[in-house]
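Student: Residue numbers (this note's numbering), protein chains in the order written: chain X, 27 to 241; chain W, 218 to 406. A single structure is presented below for examination.
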Amino acid sequence: MIHLELAWTFFTIGLFSFGGGYAMVPLMEREIAAHGWLAAREFADIVAISQMTPGPIAVNAATYIGFRVAGVAGSAAATLGVFLPSLILVLLVARFLRKFKESRGVEGVLSGIRPATVGLIASAVVFFSGMSIIGPAAAGTGFGTTGDAAGSAALAGSAEGFFRLDPGWVLGLGSWEVRLSALLIFLVVLVGTRRFGLKPIPAVILSAALGLALP
Amino acid sequence: MTEVRRAGPRELAVMFGSFFKIGAFTIGGGYAMLPLIEREFVEVRGWVTDEEIVDVFAIAQSLPGVIAINTSIFIGYRVAGVVGALTAAAGMILPSFFSILAIAALLVNVRDNLWVQKAFAGVRAGVTAMILLAGIKLGKAILRNPPAWVIAGLSFLALVGFGLHVIPIILSGGLAGLIIQAIGRARRA
Numbered sequence: 027m028i029h030l031e032l033a034w035t036f037f038t039i040g041l042f043s044f045g046g047g048y049a050m051v052p053l054m055e056r057e058i059a060a061h062g063w064l065a066a067r068e069f070a071d072i073v074a075i076s077q078m079t080p081g082p083i084a085v086n087a088a089t090y091i092g093f094r095v096a097g098v099a100g101s102a103a104a105t106l107g108v109f110l111p112s113l114i115l116v117l118l119v120a121r122f123l124r125k126f127k128e129s130r131g132v133e134g135v136l137s138g139i140r141p142a143t144v145g146l147i148a149s150a151v152v153f154f155s156g157m158s159i160i161g162p163a164a165a166g167t168g169f170g171t172t173g174d175a176a177g178s179a180a181l182a183g184s185a186e187g188f189f190r191l192d193p194g195w196v197l198g199l200g201s202w203e204v205r206l207s208a209l210l211i212f213l214v215v216l217v218g219t220r221r222f223g224l225k226p227i228p229a230v231i232l233s234a235a236l237g238l239a240l241p
Numbered sequence: 218m219t220e221v222r223r224a225g226p227r228e229l230a231v232m233f234g235s236f237f238k239i240g241a242f243t244i245g246g247g248y249a250m251l252p253l254i255e256r257e258f259v260e261v262r263g264w265v266t267d268e269e270i271v272d273v274f275a276i277a278q279s280l281p282g283v284i285a286i287n288t289s290i291f292i293g294y295r296v297a298g299v300v301g302a303l304t305a306a307a308g309m310i311l312p313s314f315f316s317i318l319a320i321a322a323l324l325v326n327v328r329d330n331l332w333v334q335k336a337f338a339g340v341r342a343g344v345t346a347m348i349l350l351a352g353i354k355l356g357k358a359i360l361r362n363p364p365a366w367v368i369a370g371l372s373f374l375a376l377v378g379f380g381l382h383v384i385p386i387i388l389s390g391g392l393a394g395l396i397i398q399a400i401g402r403a404r405r406a
């Protein structure tokens, strides 16, 4: 039963995903939360792992989530699920290639879906920021490392005034807190990629190293 | 109708191997695979022509689903029909399937380690920047007129502000695209 549920869920994810791996993040995140399959942070971690492992992000995520929910058979079910819509649609389109290419309806629908995927990727940025850089204050739950629990508790104890800075480089801003070390890593990767052509794998290794080195 | 070549078991094995190799050595998602696929199947094997590969990539990206899988199914079908499509997709999927299984089994045991958590917290922050950059690049290519900006903005607001599900947002985007196209045509007529 759980295998069928995995396969069906990933089938719908495959069927409604346009614009590549990052645009799939919001849909996968919603479905995982709705089924209670994985903590949001663990899902964020598997997307992060996908930056360094072979293969498409969505296949990696399906395999990982399937495994965590129902072992190897679960991974097979989820991966088959995400693959099936592609098989059906590509085979259909391959048969009617010319009609598909010249269809004004298809062009119209895609001209609306493409900008929507930009909105999806923007919301993936918000989701990832919430998993790393910014979060509700004194929660010690939603984001950061396990070390946060102690840091946030100390912060909550001294939570007076709008600005608060704790020794773990967590800046409190009213009811929000910003992890300054994560913000720094974000900026390093942003500037490194734009200005110095930092490639994805070195960027991931650098981020991990800075994560270990910074408080 | 796409022309389908007849391929024997040897060609199927070669195709499986090619996709397996591309699947195993391309890191960081589907887009990175496209140049490798082009080199392997157009330049080295000559199974797909220059013009066909442009079509294949365009269609693989306009259909829903994983772009690399769409591409492999399309090329596999082109080379050897449905059996070819399945062979190609298996070659593309299996490397990531096995590597993620290994990582998942390993990760379960070390996830709670403080240093592993610290490293992951760093990587999540770095990946936030990588997704932002990918979004900016895609936005520059796609958001070329006011209606596109409006659709992107509303989709973002619906997701983040109102917590709507992704599927109705995608469907509304498609419908809006059709309506905008119809209005444009009516104006020109």
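We put the CB at the ideal spot given by N, CA and C, even for glycine.
Look at the alpha carbon of W/ALA321 and the alpha carbon of W/ARG402, and state the distance between them as a whole number of angstroms.
Tutor: Rounded to the nearest angstrom, the two C-alpha atoms are 52 angstroms apart.
Student: How many Å lie between X/ASP192 and X/ILE159 at the Cα?
Tutor: Cα to Cα, the separation comes out at about 15 angstroms.
Student: DSSP puts X/TRP202 in a beta bridge; with which residues?
Tutor: In the DSSP output, where bridge partners are listed per residue, X/TRP202 has X/PRO162, X/LEU199.
Student: Cα-Cα, which of W/GLU260, W/VAL344, W/ALA241 is closest to W/ALA285?
Tutor: Taking only the C-alpha atoms, the option nearest W/ALA285 is W/ALA241.
Student: Assuming W/LEU253 contacts W/ALA297 (C-beta within less than 8 angstroms), just tell me the rounded distance between them.
Tutor: The pair is not a contact, with the Cβ atoms about 20 angstroms apart (cut-off 8 angstroms).
Student: Using a Cβ cut-off of 8 angstroms (strictly closer), state whether W/ASN326 contacts chain X.
Tutor: False, the Cβ-Cβ gap to chain X never drops below 8 angstroms.
Student: Residues of chain X with CB closer than 9 angstroms to the CB of W/LEU355, please, in chain order.
Tutor: Those are GLY45, GLY46, TYR48, ALA49, ARG140, THR143, VAL144, ILE147, listed as they occur along chain X.
Student: Spatial neighbours of X/HIS29 within its chain, please: C-beta separation below 7 angstroms, excluding the five flanking residues on both sides.
Tutor: If we look at X/HIS29 and ignore the five residues flanking it on each side, its Cβ neighbours are ALA96, ALA99, GLY100, ALA103.
Student: If the cut is a Cβ gap below 8 angstroms, which residues of chain X does W/VAL300 touch?
Tutor: Those do not exist, as W/VAL300 stays about 12 angstroms from chain X at its closest Cβ, beyond 8 angstroms.
Student: Taking the alpha carbon of W/VAL231 as the reference point, which residue from W/ARG361, W/GLY263, W/LEU251 has its own alpha carbon closest?
Tutor: Minimum Cα distance to W/VAL231 is reached at W/GLY263.
Student: If we define contact as Cβ-Cβ less than 8 angstroms, is X/SER137 a contact residue for chain W?
Tutor: With 8 angstroms as the cut-off, X/SER137 counts as an interface residue toward chain W.
Student: Quick check: the Cα distance between W/ALA346 and W/ALA224, rounded to an integer number of angstroms?
Tutor: Approximately 45 angstroms, taken between the alpha carbons.
Student: Which partner residues of X/PRO80 appear in the DSSP bridge assignment?
Tutor: DSSP lists W/ILE244 as partners of X/PRO80.
Student: What residue range does the alpha helix (DSSP H) around X/ASP192 cover?
Tutor: From DSSP, X/ASP192 is part of no alpha helix (DSSP H) but of the beta strand (DSSP E) over 189 to 192.
Student: W/ILE386 and X/VAL116 - do their beta-carbons sit closer together than 8 angstroms?
Tutor: Cβ distance not < 8 angstroms, so X/VAL116 and W/ILE386 don't count as in contact.
Student: Where X/VAL230 and X/LEU113 are concerned, what is the direct C-alpha to C-alpha distance, given to the nearest angstrom?
Tutor: Rounded to the nearest angstrom, the two C-alpha atoms are 32 angstroms apart.
Student: Could you list which residues in chain W have their beta carbon closer than 9 angstroms to that of X/LEU206, in chain order?
Tutor: Result: empty, since nearest Cβ-Cβ is about 11 angstroms, beyond 9 angstroms.
Student: So, for W/PHE337: in the same chain, excluding its five sequence neighbours on each side, which residues have a beta-carbon less than 7 angstroms away from its beta-carbon?
Tutor: The answer is none, since no qualifying residue turns up.
Student: Quick one: grab the DSSP three-state call for X/VAL116.
Tutor: Residue state, collapsed to three classes: helix.
Student: W/ILE320 CB to nearest chain X CB: under 8 angstroms?
Tutor: Yes, W/ILE320 counts as interfacial toward chain X.
Student: Per the contact definition of three or more C-beta pairs closer than 8 angstroms, is the stretch 133 to 143 of chain X in contact with the stretch 384 to 398 of chain W?
Tutor: In short, these stretches touch, since the Cβ pair count reaches three.
Student: Taking the alpha helix (DSSP H) that W/GLY308 belongs to, which residues open and close that run?
Tutor: W/GLY308 -> alpha helix (DSSP H) spans 284 to 327.
Student: What residues from chain W crowd round X/ARG190, counting only those whose CB sits closer than 8 angstroms?
Tutor: In chain order: nothing, as chain W lies at least about 20 angstroms away.
Student: Taking the alpha carbon of W/VAL265 as the reference point, which residue from W/LEU280, W/GLY293, W/ILE244, W/MET250 has its own alpha carbon closest?
Tutor: Measuring from the Cα of W/VAL265, the nearest candidate turns out to be W/GLY293.
Student: Could you check where the alpha helix (DSSP H) with X/ALA150 kicks off and where it finishes?
Tutor: X/ALA150 -> alpha helix (DSSP H) spans 130 to 156.
Student: Give a yes or no on whether the minimum CB-CB distance between W/THR304 and chain X is below 8 angstroms.
Tutor: It does not; no Cβ of chain X falls within 8 angstroms.
Student: Between X/ALA142, X/ILE91, X/THR35, X/GLY62, which lies nearest to W/GLY370 when the distance is taken from Cα to Cα?
Tutor: Comparing Cα-Cα distances from W/GLY370 to each of X/ALA142, X/ILE91, X/THR35, X/GLY62, the minimum goes to X/ALA142.
Student: Using a Cβ-Cβ cutoff of 7 angstroms, what residues of the stretch 278 to 294 of chain W are near chain X? List them in chain order.
Tutor: Residues passing the 7 angstroms Cβ filter: SER279, LEU280, PRO281, GLY282, VAL283, ILE284, ALA285, ILE286, ASN287, ILE290, PHE291, TYR294.
Student: What residues in the stretch 65 to 87 of chain X have a beta carbon less than 9 angstroms from any beta carbon of chain W?
Tutor: Listed by position, the residues of the stretch 65 to 87 of chain X near chain W (Cβ gap below 9 angstroms) are ARG67, GLU68, ALA70, ASP71, ILE72, VAL73, ALA74, ILE75, SER76, GLN77, MET78, THR79, PRO80, GLY81, PRO82, ILE83, ALA84, VAL85, ASN86, ALA87.
Student: Here's the rule I'm using: 16 or more other beta-carbon atoms within 10 Å means buried, otherwise exposed. How should W/LEU349 be labelled?
Tutor: With 16 or more other Cβ atoms within 10 Å, it is buried.
Student: Assuming W/VAL283 and X/VAL85 form a contact by the criterion Cβ under 8 angstroms, report the distance between their Cβ atoms to the nearest whole angstrom.
Tutor: At roughly 6 angstroms, the Cβ-Cβ gap stays under 8 angstroms, so W/VAL283 and X/VAL85 are in contact.
Student: Count the other C-beta atoms from every protein chain shown that fall within 10 angstroms of the C-beta of W/ASN287, then say buried if there are 16 or more, exposed otherwise.
Tutor: So W/ASN287 ends up on the buried side.
Student: Does W/MET347 come within less than 8 angstroms of chain X when only Cβ atoms are used?
Tutor: Yes, its Cβ sits closer than 8 angstroms to a Cβ of chain X.
Student: Quick check: X/ALA148 and W/ALA342, are their CB atoms within less than 8 angstroms of each other?
Tutor: The answer is no: Cβ separation not under 8 angstroms.
Student: Against chain X, does W/LEU323 count as a neighbour if the rule is that its beta carbon must be under 8 angstroms from one of theirs?
Tutor: No, W/LEU323 does not count as interfacial toward chain X.
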